[in-house]
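What follows is a set of notes on a single structure, which appears directly below.
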Amino acid sequence: LFTAKPIDAFEAEKRGMVNRVVPLAELDAQSRALAMEIAQMHPHALAMAKRMVNQTLDTMGQYAALQACFDAHQLGHASAYAQSGQFVLTDHLGIKAAQKG
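Residue numbers for the sequence shown follow the working numbering, beginning at 28 and rising by one.
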C-alpha cells in the first residue's frame with residue numbers, strides 16, 4: 028500500500044486480498060460454477076447474509092474509509108495538475124490524441 032508497487036494475482040491471494048486465483052482459461056467456467064453454487068442457496072438466506080455483511084462493513088466505517096481514499100485520490104490529481112499544469116496520465120490514457128479528434 029505505502030510503496031504503490033503493483034502486485035500480481037498470486038501475491039494478492041497470499042495477502043488475503045482475493046479469495047482464489049484461477050488460470051485465465053478457466054476463469055469463465057470457474058466463475059459460472061461459483062455463481063451456480065450461490066444460486067442454489069435459499070434467496071432469503073443470501074439476502075440476510077448480504078445484509079449482515081453490509082451492516083458490519085457500515086459499522087466498521089467502510090463507506091467513510093472509501094470516501095476518504097477517493098478524496099485523497101482526487102487531491103493527488105489536483106496537486107499534480109497544480110504543480111505541472113497538465114492533467115495526470117493524459118499521455119498514458121491517450122486523452123490528448125482523443126481531444127485532437
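For glycine and all other residues, C-beta sits at the position ideal for the given N, C-alpha and C.
Fair warning: this is a prediction, and the values are worked out from it, not measured in the lab.
Inclusion of F37 and V48 in the CB contact set at 8 Å is warranted, their separation being smaller than that value.
Note that the C-beta distance between V45 and A39 is below 8 Å. Under the DSSP assignment, A52 falls in the alpha helix (DSSP H) whose first and last residues are L51 to A66. In the structure shown, the three-state DSSP call for V45 is coil. In the three-state DSSP reduction, T30 falls in the coil class, being neither helix nor strand.
Secondary structure note for H71: its alpha helix (DSSP H) is the uninterrupted segment P70 to M87.
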